[in-house]
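First the structure, in the form of structure tokens, and then the observations on it.
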Amino acid sequence: MKKAVVVYYSWSNGNTKRITELLAEGIGADIVRIDTAEPYKGSYNEVVSQGQREVNKGYKPPIKSIDADLSKYGVIAIGTPTWWYTMAPRRPSPVPKSRPGSET
Ligand SMILES: Cc1cc2nc3c(=O)[nH]c(=O)nc-3n(C[C@H](O)[C@H](O)[C@H](O)COP(=O)(O)O)c2cc1C
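Under my numbering, the first residue of the sequence shown is numbered 944, with each subsequent residue one higher.
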């Protein structure tokens, strides 16, 4: 059976990072972190407001390239904080279309 990977985004307190690490340890998965190409700047409240604008517009900030081949995994779990009642705009993208039948 192919291995699992948890791909996550975490911005403010590392909460999603901690959950990801617990999950990955529990199921023996690898971890891939994604980050925005441009870090969010300003105070917490400023980023909360920016996040609201991005969620409302459906804007997804570009991310840094990741050094991982996700096609080798059988399961890809996604980790994201809640931003404005939904997943953060810069959540990891779902499984590529080239991987039909994959589980998330
Ligand atoms: C832009 C922004 C929007 C947020 N919106 C919500 C929300 O709608 N509901 C909620 O319960 N928490 C919200 N939060 C709080 C985060 O979801 C929470 O602190 C989370 O644990 C942060 O994860 P992280 O430390 O991995 O970034 C928001 C935080 C930010 C920065």
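Cβ coordinates follow ideal geometry from the N, Cα and C atoms, glycine included.
- Taking a cut-off of 8 Å for Cβ pairs, the segment 990-1008 and the segment 956-966 do not touch, as fewer than three such pairs fall below it.
- Around the Cβ of ALA980, a 10 Å sphere holds fewer than 16 other Cβ atoms; the residue is exposed.
- Less than 8 Å divides the Cβ of VAL948 from the Cβ of ILE1019.
- If you draw a 10 Å sphere on the C-beta of SER955, you find fewer than 16 other C-beta atoms in it, and that means exposed.
- Distances from the CB of TYR1028 to the heavy atoms of ligand 1 include at least one below 7 Å.
- In this structure GLY957 is exposed. Its beta-carbon is surrounded by fewer than 16 other beta-carbon atoms within 10 angstroms.
- By the neighbour-count criterion, in which 16 or more other beta carbons inside 10 Å mark a residue as buried, PRO982 falls on the exposed side.
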